[in-house]
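Written below as structure tokens is the structure these notes are about.
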Amino acid sequence: MLPRSAFRAQLSVSIPLYSNGTRRLFSATSPTTFSQKLPDSASTPINPRWLTMTKRRIGKCMMFGMKPVQIDEGGKILRQLAKEWRELVAGSEGFLTDKKRRSLFRHNVVWGEQPMESPDKITVYQRLIPDPSGHLSSQSAFRLEVIILSEAHQRPAARCFEDIVIYDYKKNRKTVNIPPFIMEQFEAMWKQQEHEKENWRHRIAEIENRVRNLELKSWDRADAVEDNGSA
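Numbering of the sequence shown is given in the working numbering, commencing with residue 523 and proceeding in unit increments.
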């Protein structure tokens with residue numbers, strides 16, 4: 523569980539709720555069909571505005587005019603985004619988002635003065651960094667990255683890091699090495715993090731394919747004509 527002191531302390535890294543970047547996560551390839559290849563999970567970051575831009579892209583298709591079957595598909599995608607947005611945002615980075623792993627869920631903001639005109643709640647997830655199979659076994663401490671999601675804006679509000687020291691109270695000092703039984707848990711957690719990252723990035727790629735296909739069947743087709751309704 524994330525300690526309260528972590529919230530009171532100054533965050534190591536702050537991320538604004540809004541970004542000026544408008545670049546998509548992926549780029550379109552074919553003008554007639556679209557099948558998105560999953561990017562390399564280790565090197566390709568997810569655009570922090572991906573969720574917002576995906577909703578806008580679907581909205582643009584609907585405003586332009588679509589057939590009933592396409593409108594139904596757009597609605598299904600929006601329902602999926604509304605249900606899985608936390609996993610798509612945090613899980614795609616390797617954060618474990620299940621009920622047993624999450625630190626806080628839809629928690630009222632407790633630090634500073636929160637404007638009454640814009641109340642917010644936060645959801646907090648943690649992940650182990652870096653890969654414990656490397657140098658971690660010879661260390662006396664380990665590190666967790668924390669992502670704090672804004673429920674109101676459905677995007678990362680801030681990130682911070684926790685440095686945790688393993689202390690031997692019998693010897694009144696830090697441990698020289700992380701005990702083997704703890705390393706086993708770290709290695710299992712790391713594998714689970716990598717699995718979650720791959721799983722949710724595949725979900726993102728699938729959603730990208732579906733949204734792009736809606737675009738190609740509405741405003742982005744060669745003979746596209748906007749539906750302005752009838753008098």
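Beta carbons: idealized from backbone N, C-alpha and C, even for Gly.
Check, Outcome
"Simplified DSSP assignment, three categories, for I729", "helix"
"Endpoints, the beta strand (DSSP E) within which E684 is located", "677-687"
"The segment 602-621 contacting the segment 566-579, beta-carbon criterion three pairs below 8 Å", "yes"
"As assigned by DSSP and simplified to three states, the class of L618", "coil"
"Residues sharing a beta bridge with T645, DSSP", "L671"
"Cβ pair count under 8 Å reaching 3, the segment 642-651 against the segment 739-747", "no"
"Residue range of the alpha helix (DSSP H) that includes R579", "572-586"
"I644 and S672 closer than 8 Å at C-beta", "yes"
"CA-to-CA distance, V591 to I669, given in whole angstroms", "37 Å"
"Distance CB(L738)-CB(E595) smaller than 8 Å", "no"
"The segment 711-722 touching the segment 607-625, judged by at least three CB pairs closer than 8 Å", "yes"
"Identified DSSP bridge partners for N630", "K643"
"Residue from W572, K589, R571 with nearest C-alpha to S740", "K589"
"Residue span of the alpha helix (DSSP H) that contains E606, given as start and end", "590-612"
"DSSP state of I651 mapped onto helix, strand, coil", "strand"
"Per-residue burial, R734 [other beta carbons within 10 Å of its own, 16 or more giving buried]", "buried"
"Neighbourhood of S660 by C-beta distance below 7 Å, restricted to the same chain and skipping five residues each side", "N699"
"8 Å CB neighbourhood of H629 in its chain, flanking five on each side removed", "K643, I644, T645, V646"
"Coarse secondary structure for A710, derived from DSSP in three states", "helix"
"Rounded separation between E730 and S625 - CA only", "29 Å"
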